[in-house]
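Engineer: Top line first, the protein sequences correspond to chains H and S. Per this note's numbering, the very first residue in the first sequence carries number 38; after that it's consecutive. Per this note's numbering, the very first residue in the second sequence carries number 568; after that it's consecutive. Every residue, glycine too, gets a C-beta built ideally from N, C-alpha and C. In this text the structure is predicted, and so the values were computed from the model without any measurement.
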Amino acid sequence: MWSSRRSSIPLAIWTLCHSEVISARSPAGFIRANDHIVQTNVAPGNDRSTGKTIQAVETTLRVLEELRHRESATLAELDEALPQSKSTLHHHLATLRQAGFVDSEDGTYRLGLGLLTLGGRARETSDLYDAAREPLDRLAAETGELARLVGWHDETVVTLYQATGDAVDRPWHTLGAPNSLHSTAAGKAILANLPDEQRAARLTDDALETHTDATVTDPDALRQELATVRGRGVAFDDEEHHEGVRGVAAPVTDGDGSVLGAVELAGSVERLSEEQFRTELPDQVENVVGVVEVSTTYADWSGER
Amino acid sequence: MDDEVLTVGIVGLGAHGTTHARVITELGHDLAGADAESDARAAFEERFDAPTYEHPADLFDADVDAVVVSTPTSLHEPVAIDAFEAGLDVLLEKPLAADVESAEAIAEAADRTGRICMVGFHHRFENLFRLLESYVDESYFGDLSHVDATFVRRRGIPGRGTWYTSADLAGGGVVMDSGSHALDMVLALFDWPEIEHVAATTRSEFGRREDYAHLYMYGDDGDARMYDVEDSATAFLEFADGRTASIDVAWAANAEAAHTYELRGTEAGAYVDVTNPADAVREGTRYEFQLNEVRSGPVDHYVDAEVTCEENDPYRAEQQAFLEAVRTGERPDRNSVHEALAVQRAVERIYEAAERSGRN
Chain H
38 MWSSRRSSIP
48 LAIWTLCHSE
58 VISARSPAGF
68 IRANDHIVQT
78 NVAPGNDRST
88 GKTIQAVETT
98 LRVLEELRHR
108 ESATLAELDE
118 ALPQSKSTLH
128 HHLATLRQAG
138 FVDSEDGTYR
148 LGLGLLTLGG
158 RARETSDLYD
168 AAREPLDRLA
178 AETGELARLV
188 GWHDETVVTL
198 YQATGDAVDR
208 PWHTLGAPNS
218 LHSTAAGKAI
228 LANLPDEQRA
238 ARLTDDALET
248 HTDATVTDPD
258 ALRQELATVR
268 GRGVAFDDEE
278 HHEGVRGVAA
288 PVTDGDGSVL
298 GAVELAGSVE
308 RLSEEQFRTE
318 LPDQVENVVG
328 VVEVSTTYAD
338 WSGER
Chain S
568 MDDEVLTVGI
578 VGLGAHGTTH
588 ARVITELGHD
598 LAGADAESDA
608 RAAFEERFDA
618 PTYEHPADLF
628 DADVDAVVVS
638 TPTSLHEPVA
648 IDAFEAGLDV
658 LLEKPLAADV
668 ESAEAIAEAA
678 DRTGRICMVG
688 FHHRFENLFR
698 LLESYVDESY
708 FGDLSHVDAT
718 FVRRRGIPGR
728 GTWYTSADLA
738 GGGVVMDSGS
748 HALDMVLALF
758 DWPEIEHVAA
768 TTRSEFGRRE
778 DYAHLYMYGD
788 DGDARMYDVE
798 DSATAFLEFA
808 DGRTASIDVA
818 WAANAEAAHT
828 YELRGTEAGA
838 YVDVTNPADA
848 VREGTRYEFQ
858 LNEVRSGPVD
868 HYVDAEVTCE
878 ENDPYRAEQQ
888 AFLEAVRTGE
898 RPDRNSVHEA
908 LAVQRAVERI
918 YEAAERSGRN
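#1: I'd like to know whether the C-beta atoms of S:Leu580 and S:Asp632 end up nearer to each other than 8 Å.
#2: Quick one: does S:Trp818 have its CB under 8 Å from some CB of chain H?
#3: Less than 8 Å between CB atoms is the rule here; does S:Ala672 satisfy it with respect to chain H?
#4: Which residues does DSSP list as the beta-bridge partners of H:Asp140?
#5: Which class does S:Gly746 belong to by DSSP, given the choice of helix, strand or coil?
#6: In its own chain, which residues sit with a C-beta less than 7 Å from the C-beta of S:Arg916, not counting the 5 before and 5 after it?
#7: If you measure between the beta carbons of H:Ala287 and H:Ala299, is that distance less than 8 Å?
#8: Residues of chain H with a CB under 7 Å from the CB of S:Ala603: which are they?
#9: Tell me which residues share the same chain as H:Glu57 and place their Cβ nearer than 6 Å to its Cβ, disregarding the 5 neighbours each side in the sequence.
#10: For the candidate residues S:Ile724, S:Pro645, S:Gly832, whose alpha-carbon lies nearest to that of S:Tyr707?
#11: Taking only beta-carbon positions, decide if H:Glu323 is within less than 8 Å of chain S.
#12: How is the beta strand (DSSP E) around S:Tyr838 delimited, first residue to last?
#13: In the DSSP assignment, find the unbroken beta strand (DSSP E) run with H:Asp274 in it and report its ends.
#14: Which chain S residues sit within Cβ distance under 7 Å of H:Val331?
#15: What first and last residue would you give for the alpha helix (DSSP H) that runs through H:Val328?
#16: With H, G and I counted as helix, E and B as strand and the rest as coil, what does DSSP make of H:Thr254?
#17: What first and last residue would you give for the alpha helix (DSSP H) that runs through H:Asp167?
#18: From which residue to which residue does the beta strand (DSSP E) around H:Gln199 run?
#19: Give the straight-line distance between the Cα atoms of S:Pro639 and S:Ala665, rounded to the nearest whole angstrom.
#20: Using three-state DSSP, classify H:Gly130 as helix, strand or coil.
#21: Taking one C-beta from the segment 707-720 of chain S and one from the segment 809-822 of chain S each time, how about it: are there three or more such pairs within less than 8 Å?
#22: Output needed for S:Leu655: all residues of its chain with C-beta closer than 8 Å, excluding positions within five of it in sequence on either side, in chain order.
#23: What separation, rounded to the nearest whole angstrom, lies between the Cα atoms of S:Glu571 and S:His596?
#24: Identify the contact partners of H:Pro172 in chain S, using a Cβ-Cβ distance below 8 Å as the criterion.
#25: Leaving out the 5 sequence neighbours to the left and right, which residues in its chain are closer than 7 Å to S:Ala624 when beta-carbon positions are compared?
#26: With DSSP run on the structure shown, which of helix, strand or coil describes S:Val575?
#27: With 16 other CB atoms within 10 Å as the buried threshold, where does S:Leu908 fall?
#28: Are there any heavy atoms of the ligand FMN lying less than 7 Å away from the beta-carbon of H:Gly137, as far as the coordinates show?
#29: Taking any Cβ of chain H, which residues in the segment 640-651 of chain S have a Cβ under 9 Å from it, in chain order?
#30: So with Cβ pairs under 8 Å, would you call S:His622 a contact of chain H?
#31: Less than 8 Å between C-beta atoms, sequence neighbours within five positions excluded: which residues of the same chain meet that for S:Val861?
#32: Beta carbons nearer than 8 Å to chain H: which residues of the segment 769-798 of chain S have them?
#33: What number of angstroms, rounded off, separates the C-alpha of S:Asp798 from the C-alpha of S:Arg912?
#34: Measuring only between beta-carbons, confirm whether S:Ala744 sits less than 8 Å from chain H.
#35: Which bits of chain S does H:Val328 rub up against, with CB to CB less than 8 Å?
#36: Less than 8 Å between CB atoms is the rule here; does H:Pro320 satisfy it with respect to chain S?
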């Protein structure tokens with residue numbers, strides 16, 4: 038079959054390779070299942086959240102997730118945070134070290150760069166990433182700002198790629214970081230186009246974290262804004278995630294209208310005029326999204342199979 | 568031999584693909600289709616009762632005798648080359664490719680594999696145009712010095728906001744679309760001369776407008792979701808032998824729709840009107856061929872003669888020519904990949920000229 042390019046390494050691995058604080062998610066979403074790959078640990082007809090899992094692997098993942106959360110930790114700190122015994126944790130850490138997935142120095146553990154090998158590979162299997170890279174580079178070059186691709190798959194939302202234009206010294210998002218859905222333009226573009234029940238689950242009071250004074254945290258207000266986003270096809274974030282940064286995004290969907298992610302262009306409030314922000318950038322972002330959608334749909338038509 | 572039934576694979580089952588499929592069915596041949604979009608496949612299967620595939624390679628592996636490629640233009644290259652390499656003759660929708668480099672790759676692959684590659688400049692198959700060409704060939708006009716080509720619609724942006732109006736996917740706007748037709752006709756009339764100099768302006772004035780009002784649209788209306796191409800252009804071409812052509816094309820203009828060619832020769836001139844009645848939005852058709860000359864005799868006088876011939880369906884004539892070539896292995900006398908490559912280069916020259924002048 039021609040879909041052999043798809044592998045079972047999911048984008049959550051990419052998240053692990055980079056660090057930014059998020060609440061731990063379980064199960065971890067580290068393996069992707071599709072029609073062509075049979076997994077022994079997923080019962081047929083079940084989604085991953087009800088499948089049988091192996092406890093030791095779960096412990097390993099918890100250790101990794103904890104290290105990502107904390108950036109670094111001693112064995113004592115991990116012991117305090119996790120229910121497993123110190124010796125169990127030590128065995129896990131030793132195994133992970135051997136694989137290059139954990140580094141240790143003077144008794145402090147952190148994530149190992151070996152994870153990037155998996156993350157990089159996971160990203161390469163994404164048709165969306167393939168299709169978006171070049172248009173995003175151009176968008177960043179043309180605007181001078183930060184062009185970002187956010188991928189959505191199996192409830193995992195990850196910054197898959199970002200390109201910086203001349204005006205941006207350092208991107209304000211971490212590559213691979215999970216994305217806040219309600220406070221960034223890309224997140225809102227995705228949220229607006231999720232199936233109703235999935236969206237509703239994410240529009241609860243405690244899910245809507247405050248990032249800046251402008252973050253919309255009222256579910257009703259957000260619901261209303263998302264309806265506008267659906268109508269217009271473009272989402273805005275006006276300093277709602279980072280002070281001084283505004284962004285424009287449009288959702289990337291497949292032929293059936295399911296959302297695959299979003300393309301976002303973000304820049305500093307001082308540089309982006311109201312006219313640019315409300316009219317020019319949305320046009321440019323929509324052009325890129327259209328190209329990305331068609332290229333993703335026909336990804337397997339060009340090049341090797 | 569003539570009634571041999573062929574199976575033709577259509578790659579890209581949108582508006583163009585569906586038109587080709589209809590004509591092929593009318594000509595009594597069988598179909599198969601390929602598209603990555605499941606909706607397009609389902610609609611095609613239902614309408615034509617023909618098998619479809621998600622990937623063109625699977626279509627090429629199936630028992631097809633020839634292939635029509637009507638995908639977004641940027642996909643012409645990979646799809647056509649795979650088809651040639653599978654040993655199949657190909658009719659490609661126009662323009663040949665999204666840029667010259669890609670067009671060259673297609674032409675190179677066609678030559679390398681020896682397959683027939685025809686490109687869908689169907690207006691070349693209009694009876695009126697073939698008649699006009701025959702007058703040119705027998706030097707009825709003397710030396711042809713200038714051609715004035717106009718291909719203007721009042722509001723006729725195709726698939727506004729879909730791949731048709733994306734620079735990345737279509738390679739450009741109206742110059743790629745209508746402009747490539749006009750250039751193909753002009754270059755054919757002049758027998759494929761070398762272009763020496765081009766002056767051009769391109770404009771984008773209508774496509775992005777929220778108040779874009781129109782009476783019909785070819786393809787789907789994407790509400791200008793993707794729109795980064797020109798919707799009108801004016802160009803002046805000078806050929807190496809000093810002859811000239813002017814090209815006026817518009818998807819949208821506040822003007823009467825027209826698809827016309829005016830020829831000036833040293834002995835006679837001509838005016839050909841093949842305006843699509845759907846563009847003109849008027850009763851009746853406009854299918855005219857007029858000859859203009861000056862004669863002497865007892866008194867000097869002007870002669871304006873009206874040439875009338877049967878109106879044909881150029882799509883059908885094009886498809887017939889292609890399928891005849893597939894059957895016999897003999898290349899058609901027009902619409903070769905090399906002609907289409909010359910058109911592609913002319914399109915590029917217009918974009919370069921517009922870029923140079925800053926009028927783009």
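Structural biologist: With the structure as the only source:
#1: Here residue 580 of chain S corresponds to residue number 13 of the second sequence, with the count starting at 1. Here residue 632 of chain S corresponds to residue number 65 of the second sequence, with the count starting at 1. Contact flag unset, no.
#2: The count along the second sequence starts at 1 and reaches residue 818 of chain S at position 251. False, the Cβ-Cβ gap to chain H never drops below 8 Å.
#3: To locate residue 672 of chain S, count along the second sequence from 1; it is residue 105. Output row for S:Ala672: interface = no.
#4: Residue numbering aside, residue 140 of chain H sits at position 103 when the first sequence is read from its first letter. According to DSSP, H:Asp140 bridges with H:Arg147.
#5: Counting from 1 along the second sequence, the entry for residue 746 of chain S is found at position 179. S:Gly746 falls in the helix class under three-state DSSP.
#6: Position 349 of the second sequence, counting from 1, holds the residue named residue 916 of chain S. Answer for S:Arg916: Ile762, Val765, listed in chain order.
#7: For the purposes of this step, residue 287 of chain H is identified with residue 250 of the first sequence, where counting begins at 1. For the purposes of this step, residue 299 of chain H is identified with residue 262 of the first sequence, where counting begins at 1. In contact: H:Ala287 and H:Ala299 (Cβ atoms closer than 8 Å).
#8: To locate residue 603 of chain S, count along the second sequence from 1; it is residue 36. One finds Thr334, Tyr335, Trp338 in chain H with Cβ atoms closer than 7 Å to the Cβ of S:Ala603, taken in chain order.
#9: The residue labelled residue 57 of chain H in the question sits at position 20 within the first sequence. Bear in mind that a pLDDT of 38 at H:Glu57, under 50, signals an unreliable position, so the model cannot answer this.
#10: Against the second sequence, residue 707 of chain S aligns to sequence position 140. Among S:Ile724, S:Pro645, S:Gly832, the Cα nearest to that of S:Tyr707 is on S:Gly832.
#11: Working through the first sequence from its first residue, we reach residue 323 of chain H at position 286. Yes, contact with chain S.
#12: Here residue 838 of chain S is taken as the residue at index 271 of the second sequence, counted from 1. Taken as a continuous stretch (DSSP letters only), the beta strand (DSSP E) holding S:Tyr838 covers 836-840.
#13: If you number the first sequence from 1, residue 274 of chain H lands on position 237. Per DSSP, H:Asp274 belongs to the beta strand (DSSP E) from 272-275.
#14: On the first sequence, residue 331 of chain H is found 294 positions in, with the first residue counted as 1. One finds Pro639, Trp730, Leu736 in chain S with Cβ atoms closer than 7 Å to the Cβ of H:Val331, taken in chain order.
#15: The residue given as residue 328 of chain H occupies position 291 in the first sequence. 318-334 is the span of the alpha helix (DSSP H), which, as asked, contains H:Val328.
#16: Along the first sequence, read from residue 1 onward, the residue named residue 254 of chain H stands at position 217. For H:Thr254, the three-state secondary structure derived from DSSP is coil.
#17: In the first sequence, the residue the question calls residue 167 of chain H occupies position 130. For H:Asp167, the enclosing alpha helix (DSSP H) covers residues 164-180.
#18: Locating residue 199 of chain H in the first sequence gives position 162, counting from the first residue. Element bounds for H:Gln199: 193-201.
#19: Indexing the second sequence from 1 puts residue 639 of chain S at position 72. Indexing the second sequence from 1 puts residue 665 of chain S at position 98. Their backbone Cα atoms lie some 9 Å apart in a straight line.
#20: Counted from its first residue, the first sequence places residue 130 of chain H at position 93. The residue asked about is misnamed: residue 130 of chain H is Leu in this sequence, not Gly. Collapsing the DSSP output to three states places H:Leu130 in a helix.
#21: Verdict: yes, contact present.
#22: Position 88 of the second sequence, counting from 1, holds the residue named residue 655 of chain S. Result list for S:Leu655: Gly576, Phe627, Val631, Asp632, Ala633, Val634, Arg682, in chain order.
#23: In the second sequence, the residue the question calls residue 571 of chain S occupies position 4. In the second sequence, the residue the question calls residue 596 of chain S occupies position 29. When only Cα atoms are considered, S:Glu571 and S:His596 end up about 8 Å apart.
#24: For the purposes of this step, residue 172 of chain H is identified with residue 135 of the first sequence, where counting begins at 1. Under the 8 Å cutoff, chain S gives Asp735.
#25: Translated into positions along the second sequence, residue 624 of chain S becomes position 57. Correct list, in chain order: Asp649.
#26: Against the second sequence, residue 575 of chain S aligns to sequence position 8. In this structure, S:Val575 counts as strand in the three-state DSSP scheme.
#27: As a working mapping, residue 908 of chain S is identified with position 341 in the second sequence. Looking at its Cβ environment, which holds 16 or more other Cβ atoms inside 10 Å, S:Leu908 is buried.
#28: Absence of the ligand FMN is noted for the structure shown, with no ligands found whatsoever.
#29: Going along the segment 640-651 of chain S in chain order, one finds Ser641, Leu642, Glu644, Pro645, Val646, Asp649 with a Cβ nearer than 9 Å to chain H.
#30: Residue mapping note: residue 622 of chain S aligns to position 55 of the second sequence, counting from 1. For S:His622, the answer is yes, since a Cβ of chain H falls inside 8 Å of its Cβ.
#31: As a first step, residue 861 of chain S is located in the second sequence; it is residue number 294 there, counting from the start. So the qualifying residues of the chain are Asp867, His868, Tyr869, Val870.
#32: Within the segment 769-798 of chain S, the residues whose Cβ lies closer than 8 Å to some Cβ of chain H are Arg775, Gly789, Arg792, Met793, Tyr794, Asp795, listed in chain order.
#33: Along the second sequence, read from residue 1 onward, the residue named residue 798 of chain S stands at position 231. Along the second sequence, read from residue 1 onward, the residue named residue 912 of chain S stands at position 345. Going from the Cα of S:Asp798 to the Cα of S:Arg912 covers about 19 Å.
#34: Taking the first residue of the second sequence as 1, we reach residue 744 of chain S at position 177. The residue asked about is misnamed: residue 744 of chain S is Asp in this sequence, not Ala. No - not a single Cβ of chain H is within 8 Å of the one on S:Asp744.
#35: As a working note, residue 328 of chain H is residue 291 in the first sequence. Going along chain S in sequence order, the residues near H:Val328 (Cβ under 8 Å) are Ser733, Asp735, Leu736, Met793.
#36: Residue numbering aside, residue 320 of chain H sits at position 283 when the first sequence is read from its first letter. Pro is not the amino acid found at residue 320 of chain H; the sequence shown has Asp there. Interface residue, yes.
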